[in-house]
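Visitor: Numbering (our numbering), first residue to last: 185 to 483.
We put the beta carbon where it would ideally sit given N, CA and C, even for glycine.
Computed from a predicted model, the values in this text were never measured in an experiment.
Sending over a structure as structure tokens; questions will come in a sec.
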């Protein structure tokens with residue numbers, strides 16, 4: 185019975201539902217209120233459970249394969265203070281996703297790539313997400329797992345119930361060399377989490393990485409220079425140059441809990457300590473920050 189469902193899902197039904205979903209995503213990326221309502225209905229609970237499963241920290245790097253024109257997963261991850269790379273094979277979807285993310289205020293927090301997930305390398309990421317509707321999902325997931333570094337995690341979505349007749353399933357026991365767990369989510373989806381190594385190793389590595397590379401801006405000493413890795417959602421930040429990847433230098437700290445004075449983008453800015461604590465910085469600069477768009481050709 186399961187094989188029959190998979191066969192049906194790989195055929196005409198899958199093509200029809202994919203076209204329908206793409207149409208909804210295009211409409212949602214153009215009309216933000218529709219897109220956010222769609223996301224609240226179908227993705228909010230799913231994403232909250234997945235993020236809790238993966239146990240990421242602000243500043244961790246993640247990749248989402250199959251972001252589509254309405255990149256709700258990338259949006260949510262960016263709002264959590266993560267460094268996000270969103271990937272799709274459709275050029276039009278990438279363009280629409282860029283416009284949507286800018287309208288949502290996270291355009292500088294997400295790097296968009298036009299690429300095929302079956303050719304993407306995963307070794308630089310702490311976690312990777314793979315969407316339900318990704319074509320040839322087993323090949324994509326297998327490729328990503330082969331390059332997943334020790335301690336990293338991969339999340340992909342399987343259909344359940346009636347959706348099993350519309351989307352093919354990828355059984356974790358057929359591909360997972362490491363430990364995995366799965367959580368059922370309402371509205372016909374389940375999330376599969378695969379650890380490259382044990383769950384404890386993944387969480388320990390994430391904790392050590394976060395502590396070693398990422399600190400709050402408020403922790404930097406005067407005359408220290410770093411690069412912004414994550415900022416809270418504040419409309420005043422982008423005009424001041426406070427965006428991910430920008431070089432920032434602490435000039436002085438006013439006494440008695442006064443503001444922190446920093447140089448960024450040729451500007452001198454005074455920040456309240458409370459805000460400075462919410463800005464994450466890294467002493468490393470990452471190449472992917474320098475270019476938000478990158479086309480990856482198949483080898």
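Taking three-plus beta-carbon pairs below 8 angstroms as touching, is the stretch 371 to 378 in contact with the stretch 230 to 237?
Guide: yes
Visitor: Would you mind sorting residue 215 into buried or exposed? The rule is 16 or more other CB atoms within 10 Å of its CB.
Guide: exposed
Visitor: Take every Cβ of the stretch 209 to 227, pair it with every Cβ of the stretch 240 to 251, and state whether three or more of those distances are shorter than 8 angstroms.
Guide: no
Visitor: Using beta-carbon positions only, say whether residue 278 and residue 298 come within less than 9 angstroms of one another.
Guide: Yes; because the gap between Cβ atoms is below 9 angstroms, this pair is in contact.
Visitor: Give me, in chain order, the residues of the same chain whose beta-carbon lies closer than 6 angstroms to that of residue 247; leave out the 5 immediate sequence neighbours on both sides.
Guide: 269, 309, 312
Visitor: Measure the C-alpha to C-alpha separation of residue 379 and residue 335 and round it to an integer number of angstroms.
Guide: 7 angstroms
Visitor: Can you give the Cα-Cα distance for residue 318 and residue 342, rounded to whole angstroms?
Guide: 11 angstroms
Visitor: DSSP three-state label for residue 274, please.
Guide: Here residue 274 sits in coil by DSSP.
Visitor: Let me make sure I understand the geometry here. Which of 423, 349, 249 has the alpha-carbon closest to that of residue 294?
Guide: 249
Visitor: Figure out for me which residue from 399, 205, 287, 327 has the closest Cα to the Cα of residue 409.
Guide: Selected option, being the one with the closest Cα: 399.
Visitor: Can you say whether residue 221 is buried or exposed, counting buried as having 16 or more other CB atoms within 10 angstroms of its CB?
Guide: Burial is judged here by how many other beta carbons sit within 10 angstroms of a residue's own beta carbon; residue 221 has fewer than 16 and is exposed.
Visitor: Alpha carbons only, please: which of 283, 355, 288, 300 is nearest the one belonging to residue 273?
Guide: Closest option to residue 273, Cα to Cα, is 300.
Visitor: Would residue 432 pass as a contact of residue 448 if the rule is Cβ separation under 9 angstroms?
Guide: yes
Visitor: Going by Cα to Cα distance, which pick from 414, 453, 456 is closest to residue 265?
Guide: When only C-alpha atoms are compared, the closest one is 414.
Visitor: Would you list, in sequence order, the uninterrupted alpha helix (DSSP H) runs of no fewer than 4 residues that lie entirely inside the stretch 416 to 464?
Guide: Those alpha helix (DSSP H) runs which fall completely within the stretch 416 to 464 and span 4+ residues are 457 to 462.
Visitor: When the Cα atoms are used, what is the spatial distance from residue 331 to residue 305?
Guide: Between residue 331 and residue 305, the C-alpha separation is close to 6 angstroms.
Visitor: Report yes or no: is there a C-beta of chain D within less than 9 angstroms of the C-beta of residue 232?
Guide: In summary, chain D is missing from the structure at hand, where a single protein chain is found.
Visitor: What span of residues does the alpha helix (DSSP H) with residue 226 cover, start to end?
Guide: Unbroken alpha helix (DSSP H) run through residue 226: 216 to 226.
Visitor: Which word fits residue 281, buried or exposed, when buried means at least 16 other C-beta atoms lie within 10 angstroms of its C-beta?
Guide: buried
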